[in-house]
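Going by my numbering, 209 is the number at position 209 of the sequence shown; the sequence numbering is gapless.
All C-beta atoms in this analysis are idealised placements derived from N, C-alpha and C, irrespective of residue type, glycine included.
All remarks here apply to the structure that follows.
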Amino acid sequence: MRILGIDPGYAIVGYGAVEYRNNRFTPVEYGAIETPAGRAFPLRLEQIYDEMTELLTRLRPEAMAVEKLFFNSNTTTAIEVAEARGVILLAARKQGVPIYEYTPLQVKQSVTGYGRAEKKQIMEMTRIFLGLEQVPKPDDTADALAMAICHAHAAGSMLGRMNLAAAAEAKPRPARRPRTAAERLQRGKERISPAGPGTARPRRNKQSLDL
1 MRILGIDPGY
11 AIVGYGAVEY
21 RNNRFTPVEY
31 GAIETPAGRA
41 FPLRLEQIYD
51 EMTELLTRLR
61 PEAMAVEKLF
71 FNSNTTTAIE
81 VAEARGVILL
91 AARKQGVPIY
101 EYTPLQVKQS
111 VTGYGRAEKK
121 QIMEMTRIFL
131 GLEQVPKPDD
141 TADALAMAIC
151 HAHAAGSMLG
161 RMNLAAAAEA
171 KPRPARRPRT
181 AAERLQRGKE
191 RISPAGPGTA
201 RPRRNKQSLD
211 L
C-alpha cells in the first residue's frame, strides 16, 4: 500500500509518501510545499492546489492521511489553515484518492505507543520506522510521514471498521403487525385458563432463561 501523509498549512505543507508491505515501511518521497509570505493568499492556495495535484498524479498513492483540524486561540491562522486544508482535500478528491483523517493523539499512540509523547519522540520513532539516517526537515515533513505511518497501522483494522459501518447502515427489521382486539382477547384467555386435570404445567428451561 502506498500512503501519502499530509501535514496541512498555508505557508508550509509537509508531505511524505511511504510504501507499507509485509509490515515494513519504505520511504518513497518526502518534502514540503512552501508558499511565499508576500504572495496574495488566494494565489498561495492556488499554488498549493496545483502542486498537490502534481504530487498526487506523480506518486499515485492508494490513500491520503491528513491531520484533523483543531481550532486554537488564533482564529485567523486557524481559518487560513482550514482553507489550505480544503484545497488539499479537493485535490485528492479530484484525483480519486481516498482520504483518511487522524487526530494528533491517534498519531502519537500509533507511532510511539504513548498518547502524551513529545514531538521529539514522535520524530525519532518516525526516523526509526523508515530507516532514515536523520529526522526529515522541516518538521512539517516529519509530521506528514508520521501521519502516513499512523494510517498504515490503522489500515489493518480498516476491514473491521467497514463491517461496523455496514452494520450501522443496515435496514432495521420491520415492526411486528399489531394484534387485533380479537387476537388480544384470545391471548388473554389462554393465559388465564387453568390447566386441565392430569395436565402438568410445562417446566421452564432455566438455562434458556439465563441466556
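Classify residue i: buried if its beta carbon has 16 or more other beta carbons within 10 angstroms, exposed otherwise.
i	result
Y15	buried
P61	buried
I99	exposed
K119	exposed
M1	exposed
Could you check which residue in the options has the C-alpha nearest to that of residue i?
i	options	result
V111	K137, A144, T77, T76	A144
G31	L4, A155, K119	L4
D139	I48, T76, E34, A40	E34
A63	V107, N74, Y20, L132	Y20
L55	V97, R24, K108	V97
P42	Q109, V87, Q186, L105	V87
E51	L130, T26, R24, L90	L90
E80	G9, L130, Y114	G9
Look up residue i in the DSSP assignment and say whether it is helix, strand or coil.
i	result
G113	coil
V107	helix
Y20	strand
A65	strand
R2	strand
E133	coil
A11	coil
Using a threshold of 8 angstroms, state whether the C-beta atoms of residue i and residue j are closer than that.
i	j	result
V18	V28	yes
A82	L69	yes
T57	Q95	yes
I6	V66	yes
A11	A40	no
L105	G115	yes
Three-pair Cβ contact test at 8 angstroms for the stretch 115-131 versus the stretch 144-153: yes
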